[in-house]
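>
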Ligand code: DOR
Ligand code: ZN
């Protein structure tokens, strides 16, 4: 196959930050995706509709001329979120979901939720208003091994949430384990999941074998090969519960290559190409369009896109760095070859 034409995809999990980094990274997303769910973990977090609308304006200003791209805004759920903010969000034309970060789970999650039971009234309101809850599914207990944090979250908090709020629409974000895949598969239609390119392409050896490679460090952390295989099987199964969410999470190179580096892989520079690589390896390129362009829109009850993108089967080398001298960002697969290229 020499070319691959797909309905224009959407990214259902994206970090674009703000200020100079926003300007450096957004064009990469806008050239391939029609829409993206924008994560609210800024400093300070985006907790109100008013803040989300201001952030949306900032994003709109960073879209290069000639590109059409729609940011779909989310609010950061905290124990202090008033019920009235959920009602406001339900009425807003631009807010599509709330994001639940367990406190301390990842980048800028200090304002997250320490005790999930304490936010049950908020979850009840989300269920009532039919607003999706997007979950970073990891427990944060210090005595829980980092490789077990997702599985334990699924067994405890997530099971409690889905039992108590059976009608709540949930996206379990960036799946990394076979147990999470099994949970989503066994749940009702209202439970879906995103999968990142790095979790389809790599296991934890990429991060830790033969030297520490900080650009493969993200959260939830890469797991062992058996889990990667379960994720590939889910993504390429044609099951509409699994869809594309890059979790592209840019950090300055200097903040990744240091004694205590930040979590996050920047993948927006080649997102659809990275997924094409993973689907081709699984001999499932015919399943890419559903995963990338249909199932997420269906879950969010938005129209599918009508325009297309085309990828050419031509090898190219990923640059070592993106951004300018003030904002150098090392991309996933820096300096390596990719076999598909966006036309
Ligand atoms: O690796 C990650 N980076 N995981 C997250 O959940 C957050 C993200 C970020 O914002 O940097
Ligand atoms: Zn994320």
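In the numbering used here, the protein residues as written are 140 to 482. The beta carbon of each residue, even a glycine, is placed where N, CA and C say it ideally should be. Source: prediction; values computed, not measured.
Going by the beta-carbon positions, is the gap between residue 457 and residue 409 smaller than 8 Å?
Contact: yes.
> Closest to residue 150 by CA distance: which of 356, 435, 448 and 294 is it?
Of the listed residues, the one whose Cα sits closest to residue 150 is 435.
> Is it the case that the CB of residue 466 approaches a heavy atom of the ligand COA more closely than 7 Å?
Ligands displayed in this structure: the ligand DOR and the ligand ZN; the ligand COA is not among them.
> Whole angstroms is fine: what's the gap from residue 293's alpha carbon to residue 205's?
Their backbone Cα atoms lie some 43 Å apart in a straight line.
> By DSSP's criteria, residue 461 is part of a beta bridge. Which residues make up the other side?
DSSP output for residue 461 lists 468 as bridge partner(s).
> Less than 7 Å separating the Cβ of residue 386 from some heavy atom of the ligand ZN?
Yes, Cβ of residue 386 sits closer than 7 Å to a heavy atom of the ligand ZN.
> Within 10 angstroms of its Cβ, does residue 351 collect 16 or more other Cβ (buried), or is it exposed?
By the neighbour-count rule (16 or more Cβ atoms within 10 Å), residue 351 is not buried but exposed.
> Classify residue 308 as helix, strand or coil using the three-state DSSP reduction.
Three-state result, residue 308: coil.
> If you measure between the beta carbons of residue 407 and residue 385, is that distance less than 8 Å?
Contact: yes.
> Taking DSSP as the reference, what is the three-state secondary structure of residue 381?
Correct three-state label for residue 381: strand.
> Can you confirm whether the stretch 255-265 touches the stretch 202-221 when touching is taken to mean that 3 or more C-beta pairs between the two stretches lie within less than 8 Å?
With a cut-off of 8 Å, the stretch 255-265 and the stretch 202-221 count as touching, because enough Cβ pairs lie within range.
> Who are residue 238's beta bridge partners in DSSP?
In DSSP, residue 238 forms a bridge with 215 and 273.
> Can residue 211 and residue 175 be called in contact, C-beta distance under 8 Å?
Yes, Cβ-Cβ distance for residue 211 and residue 175 is below 8 Å.
> Near residue 306, which residues of its chain fall below 7 Å by C-beta distance, leaving aside the five closest residues on each side in sequence?
Closer than 7 Å at Cβ, skipping near neighbours: 266 and 329.
> For residue 357, count neighbouring Cβ atoms within 10 angstroms of its own Cβ and tell me buried if that reaches 16, exposed if not.
Buried.
> Whole angstroms are fine: how far does the CA of residue 347 sit from the CA of residue 354?
When rounded, the distance between both Cα atoms is 11 Å.
> Can you tell me whether residue 397 is buried or exposed, with buried defined as 16 or more other CB within 10 angstroms of its CB?
Its Cβ having fewer than 16 others within 10 Å, residue 397 is exposed.
> For residue 359, does the count of other Cβ atoms within 10 angstroms reach 16, so buried, or fall short, so exposed?
Its Cβ being crowded by 16 or more others within 10 Å, residue 359 is buried.
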